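Enquirer: Have a look at this one.
Number of protein chains: 2
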Amino acid sequence: MVAHMTVNAPFADPKSLNEPVEETTRFAPKFGADGLITAVATDAETGQILMLAHMNAEALAKTIKTGEAWYWSRSRGELWRKGGTSGHVQRVVEIRTDCDQDAVELVVEQTGPACHTGRRSCFYRTVTSAGDLKIRD
Amino acid sequence: MVAHMTVNAPFADPKSLNEPVEETTRFAPKFGADGLITAVATDAETGQILMLAHMNAEALAKTIKTGEAWYWSRSRGELWRKGGTSGHVQRVVEIRTDCDQDAVELVVEQTGPACHTGRRSCFYRTVTSAGDLKIRD
Chain A
280 MVAHMTVNAP
290 FADPKSLNEP
300 VEETTRFAPK
310 FGADGLITAV
320 ATDAETGQIL
330 MLAHMNAEAL
340 AKTIKTGEAW
350 YWSRSRGELW
360 RKGGTSGHVQ
370 RVVEIRTDCD
380 QDAVELVVEQ
390 TGPACHTGRR
400 SCFYRTVTSA
410 GDLKIRD
Chain B
280 MVAHMTVNAP
290 FADPKSLNEP
300 VEETTRFAPK
310 FGADGLITAV
320 ATDAETGQIL
330 MLAHMNAEAL
340 AKTIKTGEAW
350 YWSRSRGELW
360 RKGGTSGHVQ
370 RVVEIRTDCD
380 QDAVELVVEQ
390 TGPACHTGRR
400 SCFYRTVTSA
410 GDLKIRD
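As you go down the protein sequences, you meet chains A and B in turn.
Be aware that the first sequence starts at 280, since it is given in this note's numbering, and climbs by one per residue.
Be aware that the second sequence starts at 280, since it is given in this note's numbering, and climbs by one per residue.
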């Protein structure tokens, strides 16, 4: 009989932790009901947020194994190597997780722009006091 | 008869945009099926990611109106003013959104630690090459 697979495989199941999730040194990422975890890519050089995307367990495992960022595209419903088409790859310098392990930060060396619009970061607009958007760069 | 309310009220509905979401200067945040949008708080001084949380339309509207960060607690199922109990409030200097307007970045002046563990940032652990976690600070 095959062992029961969780959405977390090949990672530890958060429910298997005996210690508080905040203090453990065991990586047990908490994927949502949709099997995804939020990933924020930040620029290794400037610390600036480049983009926010989602990963399933396979994308996260591939990112760790290859040292390049892989995500899960919710719109296309497929695994996606960042820069696979555009060449704008992300070399992962460090992966961090937060207190409840339901998000990861990828510190990356970004080749070219991170945003599909050609801008360095996807966060290129600011909400004005009037509630509109202003383009920053 | 009451006008049809969307999950987006009081914000514009993304479906009402006549121009591409990437280029519009209209703020039409795209809340998920759960009515939430991802919010990343970054330190106005250092640019460092402090925490990642979620907002419903009410939390986002209150954040814009009051200039202090409000979130939606998924675990408690309630609106939550950051620092309301701890005093570790976030004064919002700037709000940014990304190309597809399904995430916001809050650039904040953080009073005290952002993390409930007492650490400045929630992202205080790094994934090691062996797949464990190492505490950074």
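The C-beta atom is built at its ideal place from N, Cα and C for all residues, glycine as well.
Just so you know, these numbers come straight off a predicted model, no measurement behind them.
(1) Step through the CB atoms of chain A and report whether any lies within less than 8 Å of the CB of B/K341.
(2) In three-state terms, what does DSSP make of B/E384?
(3) How far does the beta strand (DSSP E) with B/L358 in it extend, from its first residue to its last?
(4) If contact is defined by three or more beta carbon pairs under 8 Å, each pair taking one atom from either stretch, is the segment 321 to 332 of chain A in contact with the segment 305 to 314 of chain B?
(5) Does the distance from the C-beta atom of B/F306 to that of B/T376 stay below 8 Å?
(6) Please classify A/P299: is it buried, with 16 or more other beta-carbons within 10 angstroms of its beta-carbon, or exposed?
(7) Given a limit of 7 Å on CB to CB distance, which residues of the segment 352 to 384 of chain B reach chain A?
(8) Rounded to the nearest angstrom, what separates B/D292 and B/P308 at their Cα positions?
(9) With H, G and I counted as helix, E and B as strand and the rest as coil, what does DSSP make of B/E337?
(10) Since B/V368 contacts B/T390 with CB under 8 Å, what's their CB separation in whole angstroms?
(11) Using a Cβ-Cβ cut-off of less than 9 Å, list which residues of the segment 399 to 413 of chain B approach chain A; keep chain order.
(12) What residue range does the beta strand (DSSP E) around A/K309 cover?
(13) Give me whichever residues DSSP pairs with B/V352 in a beta bridge.
(14) For the beta strand (DSSP E) that A/A409 lies in, which residues bound it at each end?
(15) If you follow the beta strand (DSSP E) that A/V368 is in, where does it begin and where does it stop?
(16) Pairing CB atoms from the segment 352 to 367 of chain B with CB atoms from the segment 341 to 349 of chain A, are three or more of them under 8 Å?
(17) Candidates A/A409, A/Y403, A/D379: which alpha carbon is nearest A/L296's?
Expert: Looking at the coordinates:
(1) No, its Cβ sits nowhere closer than 8 Å to a Cβ of chain A.
(2) Assigned with DSSP and collapsed to three states, B/E384 falls in strand.
(3) For B/L358, the enclosing beta strand (DSSP E) has its first and last residue at 357 to 360.
(4) No, they do not touch.
(5) For the pair B/F306 and B/T376, the CB atoms are nearer than the 8 Å cut-off.
(6) The residue is exposed, with fewer than 16 neighbouring Cβ atoms inside 10 Å.
(7) Only E373, I374, R375, T376, D377, C378, A382, E384 from the segment 352 to 384 of chain B bring a Cβ to less than 7 Å from some Cβ of chain A.
(8) For B/D292 and B/P308, the distance between alpha carbons rounds to 8 Å.
(9) B/E337: helix per DSSP, three-state reduction.
(10) Indeed they touch by this definition, with Cβ atoms about 5 Å apart.
(11) For the segment 399 to 413 of chain B, the beta-carbon criterion of a distance under 9 Å to any beta-carbon of chain A is satisfied by S400, C401, F402, Y403, R404, T405, V406, T407, S408, G410, D411, L412, K413.
(12) First-last for A/K309: undefined, no H or E at that position.
(13) Per the sequence shown, the amino acid found at residue 352 of chain B is Ser instead of Val. Paired residue(s): B/E357.
(14) Judged by DSSP secondary structure, A/A409 falls outside any beta strand (DSSP E); it is assigned neither H nor E.
(15) From DSSP, A/V368 is part of no beta strand (DSSP E); its letter is neither H nor E.
(16) Short answer: they don't touch.
(17) That would be A/D379, whose Cα lies nearest to the Cα of A/L296.
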